[in-house]
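Position 210, counted from 1, in the sequence shown is what numbering that gives the first Met the number 0 calls 209; the numbers after and before it change by one each time, with no gaps.
One structure is given below, encoded as structure tokens.
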Amino acid sequence: MSPEPITPPEGPARRGPRRAVSAGLAFLLVVLAVALGAGGWALWAGTGADDGPGLRDTVEKVPADTAAESLFTIDAPELSTNWSARSIGSWATESTYVKTGHATVDAYAVEDGERRWRLSLPGEACAAAQHVTSEGLTAVVTHPERRHKRRPDLSCDQLVVFDVDNGRKVWQTTLARVRATEIPGSVSVGHGVVVASWYEGAAAYRVDDGEALWTRSYPDACPYSRPRFTGGTALVGIGRFCTDARPRAEREVRKVDPRTGRDEWIWRIPDEYITAGVLSNDPVTVAVSRLDPDDDHEETLMTHVVSLDSEGKPRAVIPVDDRFDIHYWDSRQHTHAATDDTLFLPVRQTEKTMYADEIVAIDLDTGKVRKRFPAQPGRHLAPLRMNGDRLLALQVDHRAEKVVKVFSIDPATGEKTLMLRAATKDEDIQSMMRIDSAFYSEALFQHGRLFFSRSATAGPYRAPRPIGSRTRPPVEAGDRYTAVAFGVPTR
């Protein structure tokens, strides 16, 4: 199968000032290849060999004190009844927690939550990069500036790159052919490149100055499930890669050369699978759902995990059942993690269990379970991310006083080391501490602190008047917070 040609960019994006790279950092970028888990995708737009992702990747150390408490909360915006606001995107540095707000990005001091800086955005953020470059740059895609109060522009077409260390906007550009009714796509940064993908196509830019690198576009005849690009240390697209010559293309997984946008290999997803999502980009691992009229898999939507080798050929096809807590919409990737040869997934030990209470390590070459890591009795356990060669896992107790713990697990022995313990009785904070799906909430563990935040904030809610009733139900309170930080306070 021959790859389709890549459209050259029509012209450069608006440029911002180029960031200078110190000699020491430049040397590090040349000699180091930073190991990453799933999520986001990383590129290098320079010449010569790939020099690694060039992304910040903290390795957590075992703390002297693990008894954490709530350091601060971030209040939710005031919203009208039955309205909601997206707040996708959060990042943590050693000194600040950075969170998208209502058409803003705000940074808060990690000690007390005092706001350090605010960056105004054109509109509400609808997609956010997961990673931060070594220079501190990341990206969001937002709605455009509202020009008509009664007729807001609903398209998500403004790509903004900014510095998480100081809130400086580096550059901004408008993405082409973004539909007003479009489901938000994705944006990722790494190796000096930022890529945004949406229903109509994808575009790559140099992260430091916005120079356009390549674009993809799809014809109107292309059916639903067009590609989305996601990643880790490799750029992987999944969906229907349609062209004018192939308007009814089949579903495919493609590894793409990030510098040129050309395909390195293509794996055609068999016809019996109806949905698919990327679990890991390095190694490439996807979850797929087989069409089965007798089992709709409402719990997970996924029936098999497929690991692919360096040439795009299946290494193993691994059946999974409803006990596995896999969701293809997990944009923030905190319900699974992967190494070169192992995939870590949350699973319920029995079908009677409501929450995943065990992590299984699956061999990506054989599909067999290597090891099991059970939660403490009655607790919910899920992978958070890799931490060097160890697995960080999040455990939540769902009793009245919700207790959350972060463990560092040795994959070889199963030994658990406690990294943090915190508790709260606040129900609004507890509602953010969901680890079963990153669609609803985001979880970060960076520099010894644990952050939970909402991907969307709900205002007050009033249900419709019941049929036959003259009165409407009372208004229920909306979300009070958009984020919470747990950590050991400075004594």
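From the three backbone atoms N, C-alpha and C, an ideal C-beta is built for every residue, glycine too.
Nothing here was measured: the structure is a model prediction, and the numbers come from that model.
Inter-residue Cα distance where the pair is residue i and residue j
i      : j      : result
Ser348 : Asp340 : Checking the displayed sequence, the identity of residue 348 turns out to be Gln instead of Ser. Approximately 23 Å, taken between the alpha carbons.
Trp82  : Trp116 : 27 Å
Thr302 : Arg289 : 6 Å
Trp213 : Thr259 : 7 Å
Pro62  : Leu443 : 17 Å
Leu278 : Val305 : 10 Å
His142 : Arg471 : 34 Å
Pro373 : Asp396 : 14 Å
Asp425 : Gly100 : 22 Å
Arg331 : Ala127 : Summary for Arg331: the model assigns pLDDT 49, below 50, so the residue's position carries little reliability, and this model does not support an answer.
Pro226 : Arg55  : 27 Å
Ser430 : Arg261 : 43 Å
Gln394 : Pro313 : 32 Å
Leu158 : Arg215 : 16 Å
Thr229 : Leu417 : 31 Å
Arg479 : His130 : 27 Å
Leu342 : Ile237 : 19 Å
Thr274 : Ile325 : 13 Å
Residue i burial status per 10 Å Cβ neighbour count (16 or more: buried)
i      : result
Gln375 : exposed
Asn165 : exposed
Pro465 : exposed
Pro121 : buried
Gly377 : exposed
Glu93  : exposed
Gly467 : exposed
Ser119 : exposed
Ser309 : exposed
Glu414 : exposed
Leu35  : Because the pLDDT at Leu35 is just 31, under 50, the model does not fix this residue reliably, and the value given afterwards should be weighed accordingly. So Leu35 ends up on the buried side.
Ser224 : exposed
Arg453 : buried
Val403 : buried
Ser407 : buried
Chain-order list of residues whose beta-carbon lies under 7 Å from that of residue i (same chain, five-residue window excluded)
i      : result
Glu251 : Phe240, Ile265, Trp266, Arg267, Ile268
Asp162 : Gly135, Leu136, Val169
Arg205 : Ala44, Gly191, Val192, Leu212
Asp409 : Arg389
Ala315 : Ser306, Leu363, Asp364, Thr365, Gly366
Pro382 : Thr334, His335, Ala336, Phe343, Pro345, Ile358, Leu390, Ala392
Leu31  : For Leu31, the predicted model reports a pLDDT of 32, less than 50, meaning its position is unreliable; a value from the coordinates is still stated below. The answer, listed in chain order, is Gly51.
Residues near residue i in its chain [Cβ-Cβ closer than 6 Å; skip 5 each side]
i      : result
Gly311 : Trp264, Trp266
Arg18  : In this prediction, Arg18 scores a pLDDT of 37, lower than 50, which makes its location untrustworthy; no coordinate-derived value is stated.
Pro318 : His303
Gly486 : Ala67, Leu70, Arg448
Rounded Cβ spacing between residue i and residue j (contact assumed at less than 8 Å)
i      : j      : result
Ala84  : Glu123 : 6 Å
Thr65  : Arg420 : 5 Å
Arg322 : Val287 : No, Arg322 and Val287 are not in contact; Cβ-Cβ is about 17 Å, not under 8 Å.
Exercise. Fully enclosed by the stretch 232-308, which beta strand (DSSP E) runs are 3 residues long or longer?
Worked result: 234-239, 250-255, 262-267, 272-280, 283-289, 303-307
Exercise. Where in the stretch 376-412 do unbroken runs of the beta strand (DSSP E), each at least 3 residues long, occur, reported from the N-terminal end onward?
Worked result: 378-386, 389-396, 401-408
Problem set entry | alpha helix (DSSP H) segments (min. 4 residues) lying fully within the stretch 409-467 | 426-431
Exercise. What residue ranges within the stretch 92-138 form continuous beta strand (DSSP E) runs of no fewer than 3 residues, ordered along the chain?
Worked result: Counting only runs that start and end inside the stretch 92-138, the beta strand (DSSP E) elements of at least 3 residues fall at 95-99, 103-108, 114-119, 124-127.
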